[in-house]
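Visitor: Chain order of the listed sequences is A and B. Numbering of the first sequence is given in our numbering, commencing with residue 15 and proceeding in unit increments. Numbering of the second sequence is given in our numbering, commencing with residue 15 and proceeding in unit increments.
2 protein chains.
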Amino acid sequence: MDRRVQRTRALLQEALLALMTEKGYEETTVQDIIDRANVGRATFYAHFADKETLLTSRLEDLRNMLAERQRQSPTLGFSLPMLEHAHSHLRLYQAIVGHERGAFVLRRIHRTIADLALRDVQALGFKGTVEERHLAAEYMAGAFMAVLTWWLDHGGKLALGEVDTIFRRLILKGLKELT
Amino acid sequence: MDRRVQRTRALLQEALLALMTEKGYEETTVQDIIDRANVGRATFYAHFADKETLLTSRLEDLRNMLAERQRQSPTLGFSLPMLEHAHSHLRLYQAIVGHERGAFVLRRIHRTIADLALRDVQALGFKGTVEERHLAAEYMAGAFMAVLTWWLDHGGKLALGEVDTIFRRLILKGLKELT
DNA sequence: TCGTAATAGAACATTGTGTCTAATATTTCA
DNA sequence: TGAAATATTAGACACAATGTTCTATTACGA
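Now the structure itself:
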């Protein structure tokens, strides 16, 4: 692939993430992004149809990473890698959670988690119907996002391993295990 | 309150909901709303600062209804009324769930549920720290939204009572109880 | 019925989007 | 290396939607 293309795409992705951290996704305009990336307007649209497509390209990288890591560990394999990713981009994730308007970023992450969770549903030896398996996956994603959101809202202080443990307990045994 | 005010506000709210059902929240413009409501542009802005404020006014009605109903039944009292509301506005809720872009509507509903759930946390006799109680409430909201989303995605066919039961089981006993 | 307040309608400035052009720079590969 | 292919640029542009402001008209409540 042409070096110029690699460079431009990377610059745009980095600019978007930096701006999301500073002012949130919705509040960031295409003009902001190309100014920050120091790239021409036409160039942006040569690579991405719009702001959302740029975000999607970044989320796909995340998704691939998670899917890869999931292959290595057996059940709920997305949990720890996702928490690690959030931890290493803490301020970005806190900005995502903090900005009500950019909720659709959270929803996209939720969808990614739900997809991965669906694989886990098999691994956990689920017997139910197709619909019940989807419910299980949806529930796992919802519960994980709740724990993730809570963790981020409280500064991301609690150790990764502990958060992962809390999530697993909640998923498997419900609220009774929380106390 | 002046009849004209009541009338105008109601027309605008109804128009927004109708348009959300047809084309989603984000895709609906202020122009669409005032055309549908047959109301002047200046009139719209005399009542609401923007489209989002109009939506908020409607969500507050929902919130008040849920809070009222919750007072009557003891624990997890928001569940059944919320499911009933979704069922009686099925096509609207399905549109909300279906449109990725309008995710922030879902997030607003989630926040409402989480607030109500926090009250339930006390009722359930939770002992943990403030943070743990928030986690419990966040988890309840996440799990409920997961069940609600799943139910809507599958046509809202399953009986309300059954969905409510599924939710309660998941919350209290986790995935083990699903099968 | 009268004064007050709400509304209609239209014009307006502003902001952001996505497209296009012709000139320029960079990369690839023969 | 040199030529062809491709990417980038700056700026202008049409367009869509927002939110403000003005004036004349209309509906309301007391």
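Using N, Cα and C, we set each Cβ at its ideal position, and we do this for glycine too.
Could you name the residues of the same chain whose beta carbon sits closer than 8 Å to that of B:L25, not counting the 5 residues immediately before and after it, in chain order?
Guide: These residues qualify, in order along the chain: A51, N52, V53.
Visitor: Report the three-state DSSP secondary structure of A:E28 (helix, strand or coil).
Guide: In the structure shown, A:E28 sits in a helix (DSSP, three-state: H, G or I).
Visitor: Apart from the five residues on each side of it in sequence, which residues of its chain come closer than 6 Å, Cβ to Cβ, to A:K37?
Guide: Correct list: empty, nothing qualifies.
Visitor: Using the Cβ count rule (16 or more neighbours within 10 Å means buried), how would you classify B:H168?
Guide: By the 10 Å Cβ count, B:H168 comes out exposed.
Visitor: If we define contact as Cβ-Cβ less than 8 Å, is A:I47 a contact residue for chain B?
Guide: It does not: the Cβ of A:I47 has no partner Cβ on chain B nearer than 8 Å.
Visitor: Would you say B:H168 reaches chain A, if we count a Cβ-Cβ gap shorter than 8 Å as a contact?
Guide: Yes, B:H168 lies at the interface with chain A (some Cβ there is under 8 Å from its Cβ).
Visitor: Using beta-carbon positions only, say whether B:L166 and B:A81 come within less than 8 Å of one another.
Guide: In this structure, B:A81 does not lie closer than 8 Å to B:L166 by Cβ.
Visitor: List, in order along the chain, the chain B residues whose C-beta lies closer than 7 Å to that of A:G156?
Guide: By Cβ distance, chain B contributes G156, A157, M159, A160.
Visitor: Taking B:E14 as part of the alpha helix (DSSP H), name the residues at either end of that continuous run.
Guide: The question about residue 14 of chain B has no answer here: the residues shown for chain B are numbered 15 through 193.
Visitor: Indicate whether B:L174 and B:L97 have their beta-carbon atoms separated by less than 8 Å.
Guide: Yes, Cβ-Cβ distance for B:L174 and B:L97 is below 8 Å.
Visitor: Less than 8 Å between CB atoms is the rule here; does A:T163 satisfy it with respect to chain B?
Guide: Judged by the 8 Å Cβ criterion, A:T163 is in contact with chain B.
Visitor: Applying the 10 Å Cβ sphere with the 16-neighbour rule, what's the burial state of A:P95?
Guide: Per the 10 Å Cβ criterion, buried.
Visitor: Tell me the residue span of the alpha helix (DSSP H) that contains A:N78.
Guide: Taken as a continuous stretch (DSSP letters only), the alpha helix (DSSP H) holding A:N78 covers 65 to 86.
Visitor: Listed in chain order, which residues of the stretch 89 to 118 of chain A have Cβ atoms closer than 7 Å to some Cβ of chain B?
Guide: Those would be E114, R115, A117, F118, in chain order.
Visitor: Tell me whether A:K171 sits in a helix, a strand or coil according to DSSP, three-state version.
Guide: Here A:K171 sits in coil by DSSP.
Visitor: Between A:L30 and A:T42, which are expected to be in contact by the criterion C-beta below 8 Å, what is the C-beta distance as a whole number of angstroms?
Guide: Their Cβ separation, rounded to whole angstroms, is 7 Å, which keeps A:L30 and A:T42 in contact under 8 Å.
Visitor: Would you say B:Y59 faces chain A, with C-beta separation under 8 Å as the test?
Guide: No, its Cβ sits nowhere closer than 8 Å to a Cβ of chain A.
Visitor: Determine, using beta carbons only, whether A:R121 comes closer than 8 Å to chain B.
Guide: Yes, because at least one Cβ of chain B sits closer than 8 Å to the Cβ of A:R121.
Visitor: Determine the closest residue to B:H113 out of B:T35, B:R17, B:D16, B:W164, with distance taken between C-alpha atoms.
Guide: Of the candidates B:T35, B:R17, B:D16, B:W164, the one whose C-alpha sits nearest the C-alpha of B:H113 is B:T35.
Visitor: Output needed in chain order: residues of the stretch 63 to 83 of chain A with a Cβ under 7 Å from some Cβ in chain B.
Guide: Of all residues in the stretch 63 to 83 of chain A, none has a Cβ within less than 7 Å of some Cβ in chain B.
Visitor: What is the residue span of the alpha helix (DSSP H) that B:R129 lies within?
Guide: First, the amino acid is wrong: residue 129 of chain B is Asp here, not Arg. Element bounds for B:D129: 117 to 137.
Visitor: When Cβ atoms are compared, which residues of the stretch 128 to 157 of chain A fall closer than 8 Å to chain B?
Guide: Listed by position along the chain: L138, F140, K141, G142, E145, E146, H148, L149, A150, E152, Y153, M154, A155, G156, A157.
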